[in-house]
Amino acid sequence: MGIAANVTIGNGVSIPQPDLVNLYGCTVGDETRIGAFVEIQKGATIGARCKISSHSFICEGVTIEDEVFIGHGVMFINDKTPRATSGDGTLQTEADWACIPTVIKRGASLGSGAVVMCGVTIGARALVGAGAVVTKDVPPDAVVAGVPARLLARSSGK
Amino acid sequence: MGIAANVTIGNGVSIPQPDLVNLYGCTVGDETRIGAFVEIQKGATIGARCKISSHSFICEGVTIEDEVFIGHGVMFINDKTPRATSGDGTLQTEADWACIPTVIKRGASLGSGAVVMCGVTIGARALVGAGAVVTKDVPPDAVVAGVPARLLARSSGK
Amino acid sequence: MGIAANVTIGNGVSIPQPDLVNLYGCTVGDETRIGAFVEIQKGATIGARCKISSHSFICEGVTIEDEVFIGHGVMFINDKTPRATSGDGTLQTEADWACIPTVIKRGASLGSGAVVMCGVTIGARALVGAGAVVTKDVPPDAVVAGVPARLLARSSGK
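Chains as they are written, first to last, in our numbering: chain A, 1 to 158; chain B, 1001 to 1158; chain C, 2001 to 2158.
In structure tokens, the structure reads:
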């Protein structure tokens, strides 16, 4: 519960509800703000001056660069075909799957309720609409929305 | 953690898991029920006899009238183009954005996993389907669903 | 807060964040793993060797068989037309609605952010894509995705 001892936290990070988050083994950059009910797994990296809003889940394999906005209830993924057990019916272990990385480039914004499939890169300053399901790369400055997410505009205009 | 001292709570409000919610600066009407893992921000107003289900996020600028049902994992929004930082790369402050209001009228029901864009009004007794992304006003008594949400029926029949 | 005394827990169940879950009146099978910010209601049944990921909500009426993977932020539903109040404007009670059951068969996997309407059966080993809204039965071994979820392939190939 809360922030594990193995989290690397930058200067001026704000986590107003430390008892209502679940952070372990991750890295959080300077001045980043993290809301309630957020889980960030080991091996995830969050840059500086980001905002990670409530109810979001950031898994191992995700790299979030500086100045990124993650809305509320955003879900990241690191496994294309997740299973509870291996073919023999025993629990999967870390040896049973490959973690597929995802990168969110500097200054991008992901709207609330967005889901990001593994293996994609979301370009710098791109805007992902609320509720979008991102299944492929998003170019820098693009605006995407929908399920699956489609290009709405080439420039986010901001 | 829990319910801040500056929350205005009506009579007979039920919050069975007070340590697992994050409520601050909001108003909650009589007999309303609030589930676990719910965040309600300052300036949000919840009416009487509402049900706010687990995992939902209600932001500043949202007004929920009486007898409204909010499903599980429903996300509200108050900013059309959210950013972590201002143009100069410093953290956004309250001066950097305008809170766009949203109104949910009496007796409406929002299904689980719905996302509600800012600036919309959802009419009285309307039904929003589970997983819908509401991007524009919903007429009273209407049934909408999908991404973006489209009109399925003029009357919710109940 | 946490795990109520009336939860039936199997052998070897793993709940690393017991203070950040809300489990009551449910049954959890042997060796199942449950993440943070998960709520499981009374009357829900989870099988053995399942993985229930963070931020998911499993309601009364849901039966999850053995070896099922539930992603992050998955929402189940047990009421087709939820309302906060009855026709007379008073709070709904348990007498005012019928709980519609849902079954997830052995070895199925539900991607993160999926929403499952009540009354459906998801077949054995089926894969539900991330962010899908499941509105009808999914055949065994099928792959479905989208809003509403549509069949992408007959065999999940794994």
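For glycine and all other residues, C-beta sits at the position ideal for the given N, C-alpha and C.
In the structure shown, what three-state DSSP assignment does residue i receive?
| i | result |
| --- | --- |
| B:A1095 | helix |
Do you know offhand how far residue i's Cα is from residue j's?
| i | j | result |
| --- | --- | --- |
| C:A2108 | B:V1103 | 39 Å |
| B:V1138 | C:K2136 | 25 Å |
| A:L152 | C:A2142 | 31 Å |
| C:A2149 | B:G1073 | 19 Å |
| B:L1091 | A:T81 | 37 Å |
| A:V134 | A:M117 | 6 Å |
| C:L2023 | B:I1015 | 15 Å |
| A:F57 | A:L127 | 19 Å |
| A:S86 | B:G1131 | 31 Å |
| A:I100 | A:G123 | 17 Å |
| B:G1129 | B:V1147 | 10 Å |
| C:G2061 | C:D2096 | 16 Å |
| A:A98 | A:G43 | 14 Å |
| C:E2031 | C:T2045 | 14 Å |
| C:N2011 | C:E2094 | 32 Å |
| B:P1140 | B:G1029 | 22 Å |
| B:V1144 | B:T1121 | 13 Å |
| A:Q17 | B:R1154 | 42 Å |
| C:V2021 | B:H1055 | 11 Å |
Cα-Cα, which of the options is closest to residue i?
| i | options | result |
| --- | --- | --- |
| B:F1063 | B:G1071, B:Q1041, B:A1084, B:H1055 | The displayed chain sequence assigns Thr, not Phe, to residue 1063 of chain B. Cα-wise, what sits closest to B:T1063 is B:Q1041. |
| A:D79 | A:G119, A:D66, A:G43 | A:G119 |
| C:F2076 | C:A2048, C:D2066, C:A2114 | C:A2114 |
| C:A2048 | C:A2130, C:T2008, C:A2095 | C:T2008 |
| B:A1036 | C:S2053, C:E2031, C:G2002 | C:G2002 |
| A:V38 | A:I70, A:G10, A:D30 | A:I70 |
| B:D1019 | B:I1034, B:T1027, B:G1010, B:N1011 | B:I1034 |
| A:A5 | A:Q17, A:V13, A:C26, A:G12 | A:C26 |
| B:V1013 | B:K1051, B:S1155, B:A1044 | B:K1051 |
| C:L2110 | C:R2083, C:E2067, C:G2029 | C:E2067 |
| A:G89 | C:R2125, C:E2060, C:R2154 | C:R2125 |
| A:R83 | C:E2060, C:S2053, C:G2061 | C:S2053 |
| C:K2105 | C:G2029, C:E2065, C:T2093 | C:E2065 |
| A:C59 | C:G2029, C:V2028, C:S2112 | C:S2112 |
Using DSSP bridges, identify the partner residues of residue i.
| i | result |
| --- | --- |
| C:S2014 | C:R2033 |
| B:G1025 | DSSP output for B:G1025 lists no bridge partner at all. |
| C:T2135 | Its beta-bridge partners do not exist; DSSP assigns none. |
| A:V143 | A:L127, A:A153 |
| B:G1002 | B:N1022 |
Sorry if obvious, but does the Cβ on residue i come closer than 6 Å to a heavy atom of the ligand MN?
| i | result |
| --- | --- |
| B:V1021 | What this structure holds is no ligand at all, so the ligand MN is not there to describe. |
Write down every uninterrupted run of the beta strand (DSSP E) in the segment 1052-1125 of chain B whose length is 3 residues or greater and which is fully enclosed by it, in chain order. Secondary structure remark: continuous beta strand (DSSP E) runs of at least 3 residues inside the segment 1052-1125 of chain B, in chain order: 1062-1064, 1102-1104.
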